[in-house]
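Residue numbers (my numbering): 12 to 506.
For reference, the structure is listed below as structure tokens.
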Ligand SMILES: Cc1ncc(COP(=O)(O)O)c(C=O)c1O
């Protein structure tokens, strides 16, 4: 008897959808930066810089953001409940954190953070989240509508699993996009229906453009089921005006679309004239309730609170029928339950210490310091990019990224083409090799074709940002000169 020894599973035979999507924040630039880091370790002094500055990562604590004391105190006490009965604990932890940890641990099955929980999340923590939403919006929220999740990503993917039946189901999604959306739409077998944000209008969302895309998709035979809105935006940093949000609500209601409101940057708002308004609040303020509109909103502790590795998040599901929610619980139960540290953290984020609580001042001070520092870093980077020849930079209103547009000489574009890469990838690679500064090419966010951008996070600390700016500007000048020079030379040769 002969056996076929060739492996039956190869990259050619795996699920083709897996091969189609890409996820730029963890893409080639990150891998190259890691290779360079290893090179620096093995051969110190071999590269023209001393360290890699990871402006490609939306990963606050890896880039130096300190955790909030209140969060960590409660988490450690919940994980070590015997400390709650020790005298020295009162000297080490704030009384408020001790009280909160005691309340939480009493609500966890068997008072231990190591067990499985309800697939939707511990009911009492869901109630805390729901109460937090009620306090934030001034409209009631219900614990049964809350799904605690491992970050917003797993919630978004769960929604795609629920909404997408076949390739003929479309999901309206913004461009430039956070690439989780196209990836999860592709993986779940649906079709992304992109709508463009308008760069010249501060990356605003124009409802006529969304309408145009919806109509085009419908006439191509697609059933469009939902519209994704990211507010504040990644990678584009805009905060939607309330009027704009109202238009979106009216539009989705009229067209029968579920709003998928990605609100993970709700605490990262810097522009003085801008304020976060949840889509739930906007819809309820317009007088629309569950019977008028289906709305799912996502939030997490990753960006607003910097605890991205803890994987704490929730989605609030309103306007979907009870039997749909039953099916959602069934899907959620496939991963048994969200992790408990994440469940606790998102409850703390939605019910932080209030004025008068012992932990309030420190919590507020730590949080505000981080926010102000982000604002300062954003301004410094914005100014640097705007001072560079051929670069225009958006004004950051919220979130954690700048998305400057590059107008590169045509010789640079041709050089990129000759290497088989996009111009932004070419630029980002050259920047990394010359300066150690890692950014994400805009093509990873599916920017409008013909435009060239890079995404640069504001997360490295103020010192690092100050130190990288001269290198960034010098690199850009040399890059432009190099290609303007060759363009000029070719021009001269042709004459
Ligand atoms: C717009 C947006 N949505 C969702 C996520 C995922 O967040 P989480 O870590 O909560 O899964 C991110 C992370 O960068 C994001 O930028």
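Positions of the beta carbon are idealized from the N, C-alpha and C atoms, including for glycine.
Predicted model only: the values in this text are computed from it and were never measured.
Rounded to whole angstroms, the separation of the alpha carbons of residue 402 and residue 388 is 18 angstroms. Closest by C-alpha distance to residue 63, out of 472, 496 and 449, is 449. Closest in alpha carbon position to residue 179, among 235, 488 and 327, is 235.
The C-beta distance from residue 196 to residue 184 rounds to 7 angstroms, short enough to meet the 8 angstroms contact threshold. Ranked by how close their Cα comes to the Cα of residue 489, the residues 419, 455, 212 and 465 have 419 in first place. In the structure shown, the three-state DSSP call for residue 219 is helix. Nearest neighbour of residue 213 by Cα position, chosen from 252, 95, 354 and 33, turns out to be 252. In this structure, residue 470 places its C-beta atom within 8 angstroms of the C-beta atom of residue 76. In the three-state reduction of the DSSP assignment, residue 232 falls in the coil class. Between the alpha carbons of residue 353 and residue 320 lies a gap of roughly 9 angstroms. If you check the CB distance, residue 452 and residue 465 come in under 8 angstroms. Beta-bridge partners of residue 404 (DSSP): none assigned.
Assignment of residue 85 by DSSP, reduced to helix, strand and coil, places it in the helix class. Under the three-state reduction of DSSP output, residue 247 falls in the coil class, being neither helix nor strand.
DSSP places residue 47 in no beta strand (DSSP E) but in the uninterrupted alpha helix (DSSP H) bounded by 39-53. The C-beta separation of residue 202 from residue 233 comes to about 6 angstroms, placing the pair in contact by the 8 angstroms criterion. The three-state reading of DSSP puts residue 224 in helix, counting H, G and I together. Judged by pairs of C-beta atoms under 8 angstroms, the region 429-447 does not touch the region 270-282, as fewer than three such pairs exist. A contact between stretches requires three or more CB pairs, one per stretch, nearer than 8 angstroms, and the region 256-266 meets this requirement with the region 216-223. Where residue 466 is concerned, the enclosing beta strand (DSSP E) starts and stops at 465-468. By DSSP's assignment, residue 237 forms a beta bridge with 182 and 269. The three-state secondary structure of residue 346, taken from DSSP, is helix.
Put simply, the region 319-333 touches the region 296-311. At least three CB pairs are less than 8 angstroms apart. Looking at 411, 355, 291 and 412, the one whose alpha-carbon comes closest to that of residue 156 is 291. Secondary structure of residue 491 (DSSP, three-state): helix.
With fewer than 16 other Cβ atoms inside 10 Å of its own Cβ, residue 61 counts as exposed. Taking residue 478 as reference, the option from 395, 246 and 460 with the minimal CA-CA separation is 395. Non-local beta-carbon contacts of residue 430 in its own chain, meaning distances under 7 angstroms to residues more than five positions away in sequence, involve 437 in chain order. In this structure, residue 445 lies away from residue 434, with their beta-carbon atoms at least 8 angstroms apart. Linking residue 134 to residue 118 through their CA atoms gives a straight-line distance of about 9 angstroms. Around the beta carbon of residue 295, 16 or more other beta carbons lie within 10 angstroms, which makes this residue buried. Here residue 412 is buried. Its C-beta has 16 or more other C-beta atoms within 10 Å.
In this model, residue 463 and residue 55 are separated by some 34 angstroms (Cα to Cα). When secondary structure is reduced to three states using DSSP, residue 352 falls in the helix class. Apart from the 5 residues on each side of it in sequence, residue 414 sits with its Cβ closer than 6 angstroms to the Cβ of 246, 247, 405, 464 and 466 in its chain, given in chain order.
Annotated three-state conformation of residue 452 is strand, per DSSP.
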